[in-house]
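Novice:
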Amino acid sequence: IISVRLNQAPFLPGDTDLDQLNRIFQVLGTPTEADWPDMKCLPDYVTFKEFPRHPMKEIFTAASDDLLDVLDMTLAINPAKRCSASQALQMSYFSSKPAPTPGSQLPFPKSNKIVDKEKEAKRVSLKRKQNGNDAGGMKKRLVF
Numbered sequence: 001i002i003s004v005r006l007n008q009a010p011f012l013p014g015d016t017d018l019d020q021l022n023r024i025f026q027v028l029g030t031p032t033e034a035d036w037p038d039m040k041c042l043p044d045y046v047t048f049k050e051f052p053r054h055p056m057k058e059i060f061t062a063a064s065d066d067l068l069d070v071l072d073m074t075l076a077i078n079p080a081k082r083c084s085a086s087q088a089l090q091m092s093y094f095s096s097k098p099a100p101t102p103g104s105q106l107p108f109p110k111s112n113k114i115v116d117k118e119k120e121a122k123r124v125s126l127k128r129k130q131n132g133n134d135a136g137g138m139k140k141r142l143v144f
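Residue numbering for the sequence shown follows full-length UniProt numbering, beginning at 1 and increasing consecutively.
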C-alpha cells in the first residue's frame, strides 16, 4: 500500500505468477543462495534470470530514510528476513515527527450527492456558455 501511495500507481503489477516473480526480481534482485539458503528446497523451484537489486531510494525518490527502511524490511525476498506487520509498526517511521493528524481533525470526504451536484452545476454552466446563454456572469432580469 505504501509503494502504491508513493508512486500513485500499482507497484510491480504482474499478469501471471511467473510474470509477477520476474517483475519482483527485476526490482528487488534475484535471490541468491546467500540471500535465501533454502530457496532451492522449495517445491516447484524455478531458476530465474539474475537481476541486480535496485536501491529503494532510486525507486521511491520522495521517501524518507525511515520509510525506505520500512519498505526494505517489508519487501525482503527471504521470508525469514521479512518483518511482520507488528515489527514494521515498531519501526521509527511510525513514531517520527510529524505525528499523524488525530482522527477528529481529519477532513470528511465529500459525499457523492455533493460531488454530483457540483458536477451537474459545472455541466450546466458549460452548456450555457456553449449555447451563448451566459450573460457574462450577470443575472438576467425578467420583464413582464
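Every residue, glycine too, gets a C-beta built ideally from N, C-alpha and C.
Keep in mind it's a predicted model, so treat the numbers as computed, not measured.
Roughly how many whole angstroms lie between the Cα atoms of Arg-123 and Asn-131?
Specialist: Using only the alpha carbons, I get a separation of about 12 Å.
Novice: Under the assumption that Gly-29 contacts Arg-53 (Cβ atoms under 8 Å), give the Cβ distance between them as a whole number of angstroms.
Specialist: Yes, they are in contact, since the Cβ atoms of Gly-29 and Arg-53 sit about 3 Å apart, within 8 Å.
Novice: Count the CB pairs spanning the stretch 41 to 51 and the stretch 20 to 27 that are closer than 8 Å, and state whether there are at least three.
Specialist: Because the criterion of three Cβ pairs below 8 Å is met, the stretch 41 to 51 and the stretch 20 to 27 touch.
Novice: Looking at Pro-66: is its Cβ nearer than 8 Å to the Cβ of Ser-92?
Specialist: Reading off the sequence, residue 66 comes out as Asp, not Pro. Against a cut-off of 8 Å, the Cβ pair of Ser-92 and Asp-66 comes out as a contact.
Novice: Can the beta-carbon of Phe-60 be found closer than 8 Å to that of Leu-12?
Specialist: No.
Novice: Specify, as a first and last residue, the run of the alpha helix (DSSP H) that Met-56 falls within.
Specialist: Here the alpha helix (DSSP H) through Met-56 covers 56 to 59.
Novice: Who are the Cβ neighbours of Met-73 in its own chain at under 6 Å, not counting the five residues just before and after it?
Specialist: Cys-83, listed in sequence order.
Novice: Tell me the start and end of each unbroken beta strand (DSSP E) in the stretch 58 to 116 that is at least 3 residues and wholly inside, in chain order.
Specialist: Qualifying beta strand (DSSP E) stretches: none in this window.
Novice: When you compare only the Cα positions, how much space is there between Ala-80 and Gln-26?
Specialist: So the alpha carbons of these two residues sit roughly 21 Å apart.
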